[in-house]
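Residue numbers (this note's numbering), protein chains in the order written: chain A, 844 to 1160; chain B, 112 to 303. The beta carbon of each residue, even a glycine, is placed where N, CA and C say it ideally should be. One structure is given here, and the rest of the page talks about it.
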Amino acid sequence: MISSALSKNELLRDRSSMLKTARQFFYSKNILEVDCPAITQGASVDSHIDLIKVSSQNLKWRYLHSSPEYGMKRLIADGIGDIYQLSHVFRDGESSTKHNPEFMMAEWYRMDFSFEMMIQETIDFISLFLGKLPFRVMSYGQVFREYAGIDYFQASIDELLNYLTSNDVTPYPGVESEGKDAVLNLILGSLIEPKLGDNELFVLAYYPASQAALAKTRKLDGELVAERFEVYYRGIELANGYHELTDAVEQRARFLESNQFRSQLGKEQLPIDEYFLHALQKGFPDCSGVAVGFDRLMMLRHDCDIEKVIPFTWDKA
Amino acid sequence: MPQISTNEFKAGVKIELEGQPYTIVTNEFVKPGKGQSFNRVRIKHLITGRVIERTFKSGDKADLADVTETNMRLLYREADGVTFMDDNSFEQIKIPMESLGNTVQWLLDDVLYGIVSYNGVPVNVEPPTFMEMRIVDTAPGDRGNTASGRVLKPATTETGAKIQVPIFISQDELIKVDTRTGEYVSRVSESK
Chain A
844 MISSALSKNE
854 LLRDRSSMLK
864 TARQFFYSKN
874 ILEVDCPAIT
884 QGASVDSHID
894 LIKVSSQNLK
904 WRYLHSSPEY
914 GMKRLIADGI
924 GDIYQLSHVF
934 RDGESSTKHN
944 PEFMMAEWYR
954 MDFSFEMMIQ
964 ETIDFISLFL
974 GKLPFRVMSY
984 GQVFREYAGI
994 DYFQASIDEL
1004 LNYLTSNDVT
1014 PYPGVESEGK
1024 DAVLNLILGS
1034 LIEPKLGDNE
1044 LFVLAYYPAS
1054 QAALAKTRKL
1064 DGELVAERFE
1074 VYYRGIELAN
1084 GYHELTDAVE
1094 QRARFLESNQ
1104 FRSQLGKEQL
1114 PIDEYFLHAL
1124 QKGFPDCSGV
1134 AVGFDRLMML
1144 RHDCDIEKVI
1154 PFTWDKA
Chain B
112 MPQISTNEFK
122 AGVKIELEGQ
132 PYTIVTNEFV
142 KPGKGQSFNR
152 VRIKHLITGR
162 VIERTFKSGD
172 KADLADVTET
182 NMRLLYREAD
192 GVTFMDDNSF
202 EQIKIPMESL
212 GNTVQWLLDD
222 VLYGIVSYNG
232 VPVNVEPPTF
242 MEMRIVDTAP
252 GDRGNTASGR
262 VLKPATTETG
272 AKIQVPIFIS
282 QDELIKVDTR
292 TGEYVSRVSE
302 SK
């Protein structure tokens, strides 16, 4: 990627001004700023996100959040309404020209907001940084059909592996034992993602139900899919949004499933955030939410790597 | 065998895969959405030079290849091989012609080469990136053919390499060549 012609100080000045612009965006919509804790007793449970542990006074491990989601949802369950949080989040081991283990996330939730409205508002937010861009929404199934000629729902793991090798991507050893989603992930990451959003914002929506994370699921063309979307621009992932799951029983089942899968991958199981589950149990309003990578937006705004748009990278922090 | 994790994969690191030695060319970290992160790694076979791409699950390990690189000076050439000497130890080795690969076109007496050994056996000879050498054969420049900025003509160097040089270069001139691409870099002045 090309490096921005601006100096570090000029980029940090623009970063400051864009933080202000982002806050104005939320303020103008009456969305309240909150600052939920970054260090928690329960962990953000995700099969493929590794957390940074910190030891606290009473010698119990706590976890740096990978997103402020659970805390924000506890506030929502208490009836706070529309909220946003601009905060640093932490994901262990994610270092590259596009990743830093500590990065800035803009996350917000909207009450009585449909999936489609959430997509539109995410696009509006992104356009503050990148200017007005056309966007298109395509389902996960459609994307696999159009970009790979694959019916992901019907295809067997062997067919998916053959597709990879016939496109010069040698799957890493053992990927088939991690299940179909792992092979689909490999196809998406190596052969599809780089092509998404050349001259437009590309919204990849309706993920397989098995990749729902914290999204509601529903039937689409006879298949169970998640009301989850991601936004891509020039092959780079910018946002991840959901029509939020409100069912505490289902949420607990997904946590247990993720933890079980973590064990299978040789990772440690994580303590479930009982405060969060309790909040869902009490009753949770219908809402949609999204998390946008603030540093990613700055990178695309200035056409440069992440190290240019943050004060210091992980290895120099 | 010592191992190395994907987050330490850097260009130039030598790894062993399926019993074959490779140099890492590029390493790209990929993390689609909420999925398993993986690394797309381009690797170059140390002996054949063939570049292939492999994926690794992030955090997985690969064996480090037992590869050493020493600088040795070219002493003399024979029909079946080339003899090099280590300037410090005065140790000499003869490397057969067939192990020289592309480097056969960049052999000059008294120049330092990088000798790459895999499991103690020399497998590759790396020429300096830039080398100075004399043009031994080229046609005189055709002055009528200078419409576009830089007009090139074929030439042969004293090492036997066939390259393209600007039309103003004449026979017996000393030039600088980029051995990675075989491209002409500049004229070398001989005011000594």
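Best match in the options for proximity to residue i [C-alpha to C-alpha]
{"i": "A:S930", "options": "A:S850, A:A865, A:N1005", "result": "A:A865"}
{"i": "A:L1120", "options": "A:L849, A:S899, A:S887", "result": "A:S887"}
{"i": "A:K941", "options": "A:A1160, A:F1155, A:R1139", "result": "A:R1139"}
{"i": "A:V1074", "options": "A:E1100, A:R1097, A:H1145, A:L1047", "result": "A:L1047"}
{"i": "A:F1137", "options": "A:Y990, A:W951, A:N852, A:D1041", "result": "A:W951"}
{"i": "B:Q282", "options": "B:A266, B:S297, B:G293, B:Y295", "result": "B:A266"}
{"i": "A:D955", "options": "A:G1132, A:M1141, A:C1147, A:H1145", "result": "A:G1132"}
{"i": "B:L223", "options": "B:L185, B:N235, B:A122", "result": "B:L185"}
{"i": "A:F972", "options": "A:D1158, A:V1135, A:P1154", "result": "A:V1135"}
{"i": "A:L1031", "options": "A:Q1124, A:T1060, A:Y983, A:I1000", "result": "A:Y983"}
{"i": "A:T1156", "options": "A:K1023, A:R905, A:W904, A:E945", "result": "A:E945"}
{"i": "B:V288", "options": "B:F241, B:S300, B:I280, B:V276", "result": "B:F241"}
{"i": "A:A1091", "options": "A:Y913, A:S909, A:N873", "result": "A:Y913"}
{"i": "B:M208", "options": "B:F195, B:D171, B:L263", "result": "B:F195"}
{"i": "B:L263", "options": "B:P251, B:T270, B:A272, B:E269", "result": "B:P251"}
{"i": "B:A190", "options": "B:T137, B:I126, B:L218", "result": "B:L218"}
{"i": "A:D1158", "options": "A:N943, A:G1022, A:D1116", "result": "A:N943"}
{"i": "A:L1067", "options": "A:D1041, A:E853, A:F996", "result": "A:F996"}
Minimum Cβ-Cβ distance from residue i to chain B less than 7 Å
{"i": "A:A1025", "result": "yes"}
{"i": "A:G1032", "result": "yes"}
{"i": "A:M844", "result": "Reliability of the predicted coordinates at A:M844 is poor, the pLDDT of 46 falling under 50, and no value is obtained from them."}
{"i": "A:E1073", "result": "yes"}
{"i": "A:S1106", "result": "no"}
{"i": "A:S1131", "result": "no"}
{"i": "A:N1102", "result": "no"}
{"i": "A:H1145", "result": "no"}
{"i": "A:H891", "result": "yes"}
{"i": "A:N1028", "result": "yes"}
{"i": "A:E1087", "result": "no"}
{"i": "A:E1036", "result": "yes"}
Run of the alpha helix (DSSP H) containing residue i, from where it starts to where it stops
{"i": "A:Q867", "result": "851-871"}
{"i": "A:L1123", "result": "1117-1125"}
{"i": "A:M960", "result": "958-973"}
{"i": "A:M947", "result": "From DSSP, A:M947 is part of no alpha helix (DSSP H) but of the beta strand (DSSP E) over 945-954."}
{"i": "A:S1101", "result": "1091-1107"}
{"i": "A:K1151", "result": "1149-1152"}
Residue interval of the beta strand (DSSP E) (run including residue i)
{"i": "B:L211", "result": "From DSSP, B:L211 is part of no beta strand (DSSP E); its letter is neither H nor E."}
{"i": "A:S899", "result": "Taken as a continuous stretch (DSSP letters only), A:S899 belongs to no beta strand (DSSP E), as it is neither H nor E."}
{"i": "B:T268", "result": "263-268"}
{"i": "A:L1143", "result": "First-last for A:L1143: 1137-1145, but that is the alpha helix (DSSP H), not the beta strand (DSSP E)."}
{"i": "B:E237", "result": "232-237"}
{"i": "B:L128", "result": "125-128"}
{"i": "B:N138", "result": "131-141"}
Closer than 7 Å to chain A by CB, residue i
{"i": "B:R165", "result": "yes"}
{"i": "B:P143", "result": "yes"}
{"i": "B:G146", "result": "yes"}
{"i": "B:F120", "result": "no"}
{"i": "B:K168", "result": "yes"}
{"i": "B:F241", "result": "no"}
{"i": "B:E201", "result": "In the sequence under discussion, the amino acid at residue 201 of chain B is Phe, which differs from the Glu named in the question. So no, B:F201 is outside the interface."}
{"i": "B:F140", "result": "yes"}
Short-range partners of chain B found in the segment 1009-1021 of chain A, where Cβ spacing is below 9 Å: Cβ contacts with chain B come from D1011, V1012, T1013, P1014, Y1015, P1016, G1017, V1018, E1021.
What are the complete alpha helix (DSSP H) segments, minimum 4 residues, inside the segment 904-933 of chain A? 912-920
Quick check on the DSSP output: what are the complete beta strand (DSSP E) runs of length 3 or more inside the segment 978-1017 of chain A, in order along the chain? For the segment 978-1017 of chain A, the full-length beta strand (DSSP E) segments reaching 3 residues or more read 978-982 along the chain.
Enumerated in chain order, which unbroken segments of the beta strand (DSSP E) with a length of 3 residues or greater are wholly contained in the segment 152-218 of chain B? 162-168, 172-175, 178-189, 192-196, 203-207
Compile a chain-ordered list of the residues in the segment 907-919 of chain A whose CB is closer than 9 Å to at least one CB of chain B. none
Along the chain, which unbroken stretches of the beta strand (DSSP E) at least 3 residues long are found entirely within the segment 1009-1087 of chain A? 1044-1051, 1060-1063, 1066-1076, 1079-1086
Note down, in chain order, all residues in the segment 1051-1064 of chain A with a beta-carbon under 8 Å from any beta-carbon belonging to chain B. Q1054, A1056
Could you list the residues in the segment 147-159 of chain B with a C-beta less than 9 Å from some C-beta on chain A, going in chain order? Q147, S148, F149, N150, R151
Output needed in chain order: residues of the segment 930-951 of chain A with a Cβ under 7 Å from some Cβ in chain B. Listed by position along the chain: G936, E937, S938, S939, H942.
At a Cβ cut of 8 Å, what residues of the segment 991-1006 of chain A count as close to chain B, listed as they run along the chain? none
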